[in-house]
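Here my numbering runs 14 ahead of the position in the sequence shown, where the first position is 1.
Using N, Cα and C, we set each Cβ at its ideal position, and we do this for glycine too.
What follows is a short report on a single structure.
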Amino acid sequence: MAGLIPSVFIDDLLARVDVVDLIDSFIPLKKTGSNFVARCPFHTEKTPSFSVNRSKQFYHCFGCGASGNAIGFLMDYSHLNFVEAVEDLAAFVGIEVPREAATIHSSGKQDLVALYDLQQQVANFYAQQLREAENDGLAVKYFKDRGVSGAVARDFLLGYAPDQWHVLANQFDAELLKKSGMVIAKENGRVYDRFRGRVMFPIRDRRGRVIAFGGRVLGDEMPKYLNSPETPVFQKSNEVYGLYELLEKKGRPAQILLVEGYMDVIALAQFGIRHAVATLGTAPSRAHFDLLFRFTSEIVLCFDGDVAGLKAVWRAVESSLPCLKDGRQIKVMLLPEKEDPDSLIRSQGLDSFLARMAAAAPLSDYFFSHLAETLDLQTLEGRAALMVKAKSYLVTLPQGYFKEMMVAKLNEQVEHVAIDLVPEKSKRRSPVAKEKVTPARTANALLLQNPNLAQCDFLKEGVDLALDSPGLNLLRKVLLLLQEKPELTTGGLMENFRGQPEESQVRALVQMPILVPESGLVLEFSGAVGRLVDQVVEADLARLLKKERSEGLGADEKKKMLDFLARK
Numbered sequence: 015m016a017g018l019i020p021s022v023f024i025d026d027l028l029a030r031v032d033v034v035d036l037i038d039s040f041i042p043l044k045k046t047g048s049n050f051v052a053r054c055p056f057h058t059e060k061t062p063s064f065s066v067n068r069s070k071q072f073y074h075c076f077g078c079g080a081s082g083n084a085i086g087f088l089m090d091y092s093h094l095n096f097v098e099a100v101e102d103l104a105a106f107v108g109i110e111v112p113r114e115a116a117t118i119h120s121s122g123k124q125d126l127v128a129l130y131d132l133q134q135q136v137a138n139f140y141a142q143q144l145r146e147a148e149n150d151g152l153a154v155k156y157f158k159d160r161g162v163s164g165a166v167a168r169d170f171l172l173g174y175a176p177d178q179w180h181v182l183a184n185q186f187d188a189e190l191l192k193k194s195g196m197v198i199a200k201e202n203g204r205v206y207d208r209f210r211g212r213v214m215f216p217i218r219d220r221r222g223r224v225i226a227f228g229g230r231v232l233g234d235e236m237p238k239y240l241n242s243p244e245t246p247v248f249q250k251s252n253e254v255y256g257l258y259e260l261l262e263k264k265g266r267p268a269q270i271l272l273v274e275g276y277m278d279v280i281a282l283a284q285f286g287i288r289h290a291v292a293t294l295g296t297a298p299s300r301a302h303f304d305l306l307f308r309f310t311s312e313i314v315l316c317f318d319g320d321v322a323g324l325k326a327v328w329r330a331v332e333s334s335l336p337c338l339k340d341g342r343q344i345k346v347m348l349l350p351e352k353e354d355p356d357s358l359i360r361s362q363g364l365d366s367f368l369a370r371m372a373a374a375a376p377l378s379d380y381f382f383s384h385l386a387e388t389l390d391l392q393t394l395e396g397r398a399a400l401m402v403k404a405k406s407y408l409v410t411l412p413q414g415y416f417k418e419m420m421v422a423k424l425n426e427q428v429e430h431v432a433i434d435l436v437p438e439k440s441k442r443r444s445p446v447a448k449e450k451v452t453p454a455r456t457a458n459a460l461l462l463q464n465p466n467l468a469q470c471d472f473l474k475e476g477v478d479l480a481l482d483s484p485g486l487n488l489l490r491k492v493l494l495l496l497q498e499k500p501e502l503t504t505g506g507l508m509e510n511f512r513g514q515p516e517e518s519q520v521r522a523l524v525q526m527p528i529l530v531p532e533s534g535l536v537l538e539f540s541g542a543v544g545r546l547v548d549q550v551v552e553a554d555l556a557r558l559l560k561k562e563r564s565e566g567l568g569a570d571e572k573k574k575m576l577d578f579l580a581r582k
């Protein structure tokens with residue numbers, strides 16, 4: 015792996031980038047007052063609610079709530095992880111991304127580039143072998159018999175690994191072949207090709223780089239399918255087959271169909287269904303669902319219609335539950351026995367397959383049906399068993415409306431037996447309820463949205479910010495950050511809180527409406543800070559007076575109480 019990106023470089027990068035210029039290169043922006051607006055790229059809308067502010071280096075959609083800085087925009091719009099977004103942003107302004115040398119893996123960044131290059135060359139070689147006659151036409155016949163066209167074969171870079179032991183070893187670098195898992199080393203030091211006599215399915219990452227391969231035999235040999243081992247560029251629990259090809263056709267699909275096999279993806283693509291992906295020989299994991307939900311709000315599970323397929327569906331449902339935030343949906347498409355997506359669409363046709371997709375069951379229906387299938391809900395014992403089984407799963411759901419509705423549905427299923435899995439403090443407010451405006455929220459929101467307030471004179475005149483309270487602790491942290499990095503914008507402040515405990519709080523405060531004219535910002539900020547300090551003093555004084563009456567105070571506590579009384 016490459017080394018960590020220095021935080022000082024990220025601050026400098028955000029200082030160089032104009033978020034307006036960046037976003038305008040993806041979607042046309044129109045200037046309106048001090049902001050730039052457009053139709054939001056993250057949800058469908060008829061009138062523009064997506065606003066970009068140049069002075070704050072921050073974007074926000076008033077329709078769907080999407081918000082962030084330049085790095086966040088690239089992560090969401092281009093479906094990149096953090097490092098990829100930083101690399102793309104650096105390329106946008108024409109600078110190289112440095113790495114902290116002490117953390118660089120011994121293989122180094124150049125070895126990773128060499129691995130990507132090697133596997134691309136191998137994929138091209140396999141594709142060439144598919145077109146040539148040395149395989150006696152068996153590989154081409156296999157794909158033709160499955161109805162795969164030349165266009166789809168090119169889209170997915172399908173190929174053939176000759177049935178020979180040293181084809182790759184004789185023409186590519188042996189050490190890179192070993193690191194990529196394309197060859198297997200014997201005890202005597204010699205190597206032989208891992209894939210022989212198989213049709214080949216290159217696995218590409220979201221940027222189109224070949225990171226691994228899957229291979230299928232042409233006869234009845236075992237194992238039928240063989241995958242690359244994990245390598246420095248391939249971790250199978252983090253990747254799915256067909257995602258790059260899907261995103262090439264549609265960057266933000268309405269839904270993604272999750273299937274089990276390479277040929278399921280290929281067959282569906284041949285019939286025009288280009289939004290299917292497959293896991294790589296493993297059960298779908300939470301990481302898979304987190305990855306796919308970056309690109310869509312709906313996933314349809316479509317596994318084989320045998321006992322193993324039904325078990326795989328339930329394991330997938332279990333893994334998906336912690337990912338089901340409000341707005342995300344999973345459906346379950348059950349297939350007839352002995353059918354898989356490949357065989358079903360070829361035997362029954364596209365219209366029948368699409369009809370089955372449209373009739374896919376919502377996860378909530380499948381969930382309760384599966385848990386109750388061996389229980390007698392006409393008895394108290396059966397209903398109690400359902401509650402016990404369901405509760406262990408429902409507690410894994412994120413807090414939100416979906417969890418509340420799942421709990422309500424469980425209560426419905428067991429009639430009048432009550433169950434409450436939603437902590438009181440986490441109960442959701444009604445959609446129209448407003449967040450309470452407090453001095454702490456006001457002071458922190460003003461500072462985060464207007465970092466120049468850190469230079470206010472009243473802050474240098476002895477205002478006591480050293481008291482301990484959540485609001486003051488955040489305010490103090492932001493002020494210290496701005497003291498070290500006075501050039502930070504709102505977007506830069508957000509980046510400095512990425513991965514920190516306060517990240518979600520900062521994001522919410524950055525979006526908090528502040529209906530104060532620019533000329534009144536300093537007065538409003540100083541008033542909010544003063545009220546916040548007074549609140550903290552009042553609370554601490556009340557606590558100390560109560561303790562003094564009940565158990566007495568130590569010397570330091572008495573001094574502190576007298577100081578507070580003196581302020582009054």
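Under the criterion of beta carbons closer than 8 Å, Leu-461 and Val-492 qualify as touching, at roughly 6 Å.
Taking a contact as a CB-CB distance under 8 Å, the pair Leu-257 and Pro-267 does not count as one, their CB atoms being some 10 Å apart.
In this structure, the alpha-carbon of Ile-109 lies about 21 Å from that of Lys-499.
Asn-510 sits in a helix when the DSSP states are folded into three classes. Cβ neighbours of Leu-385 within its own chain (closer than 7 Å, five residues either side excluded): Leu-400, Lys-403 and Ala-404.
Under the criterion of beta carbons closer than 8 Å, Arg-342 and Phe-307 qualify as touching, at roughly 6 Å. Contact annotation: Lys-193 and Leu-129 have beta-carbon atoms nearer than 8 Å. Closest in C-alpha terms to Arg-160, from the list Ser-361, Asn-458 and Gly-396, comes Ser-361. Sequence-distant Cβ neighbours of Ser-63 in its own chain, meaning closer than 7 Å and more than five residues away, are Cys-54, Cys-75, Phe-76 and Gly-77. Under DSSP, Lys-44 takes part in a beta bridge, and its partners are Val-51. In this structure the stretch 340-354 touches the stretch 314-325; the number of beta carbon pairs closer than 8 Å is three or more.
Per DSSP, reduced to three states, the secondary structure at Leu-411 is coil, with no helix or strand assignment.
For Gln-343, the pairing in a beta bridge is given by DSSP as Glu-312. Around the CB of Ile-225, 16 or more other CB atoms lie within 10 Å, so the residue is classed as buried.
Shortest Cα-Cα distance from Ser-69 to any of Lys-60, Glu-98 and Val-33 involves Val-33. Nearest to Ser-21 by C-alpha distance, out of Gly-534, Gly-568, Gly-506 and Asp-234, is Gly-506.
Annotation: Leu-481 to Ile-85 spans about 34 Å, alpha carbon to alpha carbon. Classified as buried, Thr-293 has 16 or more neighbouring CB atoms from the shown chains inside 10 Å of its CB.
Look at the stretch 136-210 and you find these whole runs of beta strand (DSSP E), each 3 residues long or longer: 173-175, 197-199 and 205-207. Check the Cα spacing between Asp-131 and each of Gln-469, Leu-36, Phe-186 and His-289: the tightest is with Phe-186.
DSSP places Ala-369 within a helical segment (H, G or I) once states are collapsed to three.
Between the C-alpha atoms of Pro-112 and Pro-515 there is a straight-line separation of about 26 Å. In this structure, Ile-280 is the residue among Val-550, Ile-280 and Leu-103 with its C-alpha nearest to the C-alpha of Ile-217. A direct Cα-to-Cα measurement between Gly-541 and Arg-455 gives close to 13 Å. When Leu-43, Tyr-380 and Asp-38 are compared, the shortest CA-CA separation from Leu-324 is found for Tyr-380. Every alpha helix (DSSP H) of 4 residues or more that sits fully in the stretch 215-286 is shown, in chain order, as 257-263 and 276-284.
Looking at the DSSP output, Val-66 sits in a beta bridge with Phe-50 and Tyr-73.
DSSP links Ala-375 through a beta bridge to Val-346. Residue state for Ser-483 is assigned as coil, using DSSP reduced to three classes.
Annotation for Ala-99: Ile-85, Leu-88 and Met-89 place their beta carbon closer than 7 Å to its own, counting only its chain and skipping 5 residues before and after. DSSP, read as helix, strand or coil, puts Arg-212 in strand. Rounded to whole angstroms, the gap between the alpha carbons of Tyr-140 and Asp-177 is 12 Å. Judged by beta-carbon spacing, Val-536 lies beyond the 8 Å limit of Leu-488, meaning their Cβ atoms are not closer than that value.
Distance from the CA of Val-327 to the CA of Phe-303, rounded to the nearest whole angstrom, comes to 13 Å.
The criterion of a C-beta distance shorter than 8 Å is satisfied by Leu-335 and Thr-410. Comparing alpha-carbon positions, the option among Glu-501, Met-420 and Lys-44 lying closest to Leu-28 turns out to be Glu-501.
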